[in-house]
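Asker: In our numbering, the protein residues as written are 209 to 681. Here it is: the structure, laid out below.
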C-alpha cells in the first residue's frame, strides 16, 4: 500500500493552502498524521449506516405525498429511485476503495475532475444536506404533533415548525458534544425501526395480498398516467440519499474491496424493497385520495387501519425515531462536508477548527445548524426535499463522470480494491440517470438548485481559484 499522497498546490485569497495528510493503509487500520482509524466496521455495520440514513423519510413522510401525485404507481417511482441509486453506488464504491477519505463524493470529484467541480459539489453538498436536514426536521415536527394527539393532547399544526426548529438546535448541540453519543443513538434507532417495520409491513403485506383480513377494493395502478411516476421519482429520491454515507467510512471498514460495495448495494436494495412494499401496503389500505388528504403523516392512519390503536402508535413512534435519526445523521454529515472543504482551503481554515474540549468541528457545526433552522422555519416540505435531491443528484452524476475520467487517465496512485462491473456502461448510465431525474422536478426547485451552484462557482473564482486539487490525494 504505502503512502499515496502527491503534493497540493496553490493558495486561496487568505494565503492558506490545502492541508494534505499522508495516508498509510494497512489491513488493520488507515493511518494519517493525526489519527489512526481502526478497521472495525464489518458488512453489518456498513449496512446499518446505509439503511439508517435512508430509512426515514421514504417510509414515514413520503407515502401520502407520493400516492397523491402518482397513485399506486408511486411504488414504481420508488423503484426508479432505487435503480438510479444502484447505478451510482457501484462507481462510488470503486472510488471509495481507491481513496478511503472522510470527504466522500466531494473528495472523489475534486481529485478526479479538479478544483472547480470539487468546489461546486463540496459547497453545494453543504447546502444540499442543509435542505435535507430541514426537510427531516419538518417531518419530525409533524410526527411530534401527531404523537401528542395520540396521547390525547391536541395542539394543532401551528406547533409543527416551532418543535422542528427547537429540536434542530438540540441536535446541533448534541453533535458538538461528541459523535460517539450521536453514533450510539443511531444504531439503537435503526434496530428498533427495522423491527417495527418488519412486523407492520409483514402483516400489512399479507392483508394487502388478501391472505388475511378483508379484501381491499382494487385501484387503477397509474390513474394519472406515466409522467407523474417520473416527477414523483424526482421528489422521493431524497429517501435514497443515505447510501453514499457508507463511502465516508471506507477507511474504517474491514476488507473494503468486498464489504464496501456489498454494504452500499445491499442497503439500497433492502431499503428500495421496503419502500415499494410500503406504498403497496398503504395504497391498498386507504387508497391514494385518502392518503393524499392525510399528507405527511398518512402512514399513522395506515397503521391504525391494519393494527388499530397499537398500529397507529407504533408508526407514530417509528416516524419520530426515523425523522430524528435522519436529521441527526445529516447534521453530522453537513459539518463533515464543511470540514473537508475547509481543509482543502476552499473555505476559511477557521471552519475546520476542532473544539478542544469535545474534539468535534464546532465552527462547521454552527455553519450547518444556522441555515438549517432558517430553512426549517419555511415548512415547505416538497421544495426542501427536491432541492436536496437536486444538489445530491449533481454530485452523483459527477461521481460517475469522475470515475470515467480516472479510469481513462489511470494515474499511478489509482489502485481501487473493487472495480465496477460493466464499465463504462454502468457509470455512463449512472451519470445520465442522475442528470435526467433533475429534469422532472418542479421549476422552483430547479431554479434554487442552479442558483446555489452559480453562487458556489462564483465563490470559487473569488476565493480559491489558485488552489489545485486534481490528483492530489
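Ideal placement from N, C-alpha and C gives every residue a C-beta, glycine not left out. Keep in mind it's a predicted model, so treat the numbers as computed, not measured.
Which term fits residue 575, buried or exposed, when burial requires 16 or more other beta carbons within 10 angstroms of its beta carbon?
Answerer: Buried, since its Cβ has 16 or more Cβ neighbours within 10 Å.
Asker: Going by DSSP, what residues sit across from residue 221 in a beta bridge?
Answerer: Paired residue(s): none; residue 221 is not in a bridge.
Asker: Under 8 Å by Cβ, that's how I've got residue 595 and residue 657 pegged, so tell me the actual separation to the nearest angstrom.
Answerer: Right, the Cβ-Cβ distance comes to about 6 Å (below 8 Å), so this counts as a contact.
Asker: For residue 251, which residues in the same chain have their Cβ closer than 7 Å to its Cβ, ignoring the five residues on either side in sequence?
Answerer: Result list for residue 251: 467, 470 and 471, in chain order.
Asker: Quick check on this structure: which residue in 275, 221, 233 and 239 has the alpha carbon closest to the alpha carbon of residue 495?
Answerer: Measuring from the Cα of residue 495, the nearest candidate turns out to be 275.
Asker: With a threshold of 8 Å, are at least 3 pairs of Cβ atoms found where one atom belongs to the region 336-356 and the other to the region 303-323?
Answerer: Taking 8 Å as the limit for Cβ pairs, the verdict is that the region 303-323 does not touch the region 336-356.
Asker: Note down, in chain order, each residue of its chain lying with its Cβ closer than 6 Å to the Cβ of residue 538, except the 5 sequence neighbours on either side.
Answerer: So the qualifying residues of the chain are 337, 340 and 341.
Asker: Which residue from 232, 258, 257 and 266 puts its Cα closest to that of residue 483?
Answerer: Considering only alpha carbons, the answer is 266.
Asker: Given this structure, state the Cα-to-Cα distance separating residue 415 from residue 514, to the nearest angstrom.
Answerer: Cα to Cα, residue 415 sits roughly 8 Å from residue 514.
Asker: List the endpoints of the continuous alpha helix (DSSP H) containing residue 417.
Answerer: That residue, residue 417, is in no alpha helix (DSSP H); it is neither H nor E in DSSP.
Asker: Which runs of the alpha helix (DSSP H) spanning at least 4 residues fall entirely within the region 573-617, listed in chain order?
Answerer: Entirely contained in the region 573-617, the alpha helix (DSSP H) runs reaching 4 residues are, in chain order, 589-617.
Asker: What number of angstroms, rounded off, separates the C-alpha of residue 296 from the C-alpha of residue 305?
Answerer: Distance between the alpha carbons of residue 296 and residue 305: 15 Å.
Asker: Is residue 581 closer than 8 Å to residue 373 when the C-beta atoms are compared?
Answerer: Yes, the pair counts as a contact, with Cβ atoms nearer than the cut-off.
Asker: With distances taken from CA atoms, which of 282, 399 and 486 is nearest residue 431?
Answerer: Closest option to residue 431, Cα to Cα, is 282.
Asker: Determine the direct distance from the alpha carbon of residue 492 to that of residue 626, and round the result to whole angstroms.
Answerer: The alpha-carbon atoms of residue 626 and residue 492 are separated by roughly 42 Å.
Asker: If we require 4 or more residues per run, which alpha helix (DSSP H) segments fall completely within the region 266-297?
Answerer: With a minimum length of 4 residues, the continuous alpha helix (DSSP H) runs that stay inside the region 266-297 are 270-278.
Asker: Distance check for residue 239 and residue 385, CA to CA, integer angstroms please.
Answerer: Taking the straight line joining both Cα atoms gives about 25 Å.
Asker: Could you spell out the range, first to last residue, of the alpha helix (DSSP H) harbouring residue 528?
Answerer: 506-551 is the span of the alpha helix (DSSP H), which, as asked, contains residue 528.
Asker: Could you check whether residue 409 and residue 485 sit closer than 8 Å to each other, using their CB atoms as the reference points?
Answerer: Taking 8 Å as the Cβ cut-off, residue 485 and residue 409 qualify as a contacting pair.
Asker: Going by the CB atoms, is the gap between residue 531 and residue 348 shorter than 8 Å?
Answerer: The answer is yes: Cβ separation under 8 Å.
Asker: Looking at the secondary structure, which residues open and close the alpha helix (DSSP H) in which residue 497 lies?
Answerer: Where residue 497 is concerned, the enclosing alpha helix (DSSP H) stretches over 496-502.
Asker: Could you tell me which residues DSSP pairs with residue 461 in its beta bridges?
Answerer: Partner(s): 249.
Asker: So, do the region 496-505 and the region 320-332 have three or more beta carbon pairs nearer to each other than 8 Å?
Answerer: The region 496-505, when compared against the region 320-332, does not touch it at the 8 Å Cβ threshold.
Asker: Give me the Cα-Cα distance between residue 221 and residue 559, rounded to the nearest whole angstrom.
Answerer: Roughly 15 Å between the two C-alpha positions.
Asker: Are there three or more Cβ pairs, one per stretch, closer than 8 Å when the region 448-464 is compared with the region 507-522?
Answerer: In short, these stretches do not touch, since the Cβ pair count stays below three.
Asker: For residue 603, which of 441, 677, 509 and 545 has the nearest alpha-carbon?
Answerer: Of 441, 677, 509 and 545, the residue nearest in Cα terms is 545.
Asker: Determine the contact status of residue 256 and residue 395, defining contact as a CB-CB distance below 8 Å.
Answerer: Taking 8 Å as the Cβ cut-off, residue 256 and residue 395 qualify as a contacting pair.
Asker: Under 8 Å, do residue 448 and residue 312 count as touching if we go by C-beta distance?
Answerer: No, Cβ-Cβ distance for residue 448 and residue 312 is not below 8 Å.
Asker: Could you tell me whether the Cβ atoms of residue 691 and residue 322 are closer together than 8 Å?
Answerer: The question about residue 691 has no answer, for the chain in this structure spans 209 to 681.
Asker: Rounded to the nearest angstrom, what separates residue 640 and residue 605 at their Cα positions?
Answerer: Roughly 7 Å between the two C-alpha positions.
Asker: Report the CB separation of residue 285 from residue 446 in whole angstroms; it is logged as a contact under 8 Å.
Answerer: Contact flag wrong, Cβ pair sits at about 12 Å.
Asker: First and last residue of the alpha helix (DSSP H) that includes residue 317?
Answerer: Element bounds for residue 317: 313-321.
Asker: Return the chain-ordered list of same chain residues with a C-beta closer than 8 Å to the C-beta of residue 224, the five sequence neighbours on each side being excluded.
Answerer: Excluding positions up to five away in sequence, the list reads 553, 556 and 557.
Asker: By Cβ distance below 8 Å, which residues in the same chain neighbour residue 383 in space, the five residues on each side in sequence not counted?
Answerer: Only 390, 536, 539, 540, 543, 568 and 573 meet the Cβ criterion.
Asker: Straight-line CA distance for residue 668 to residue 324?
Answerer: Spanning the two alpha carbons is a distance of roughly 7 Å.
Asker: So residue 564 is in the alpha helix (DSSP H); what residue range does that whole segment cover?
Answerer: That residue, residue 564, is in no alpha helix (DSSP H); it is neither H nor E in DSSP.
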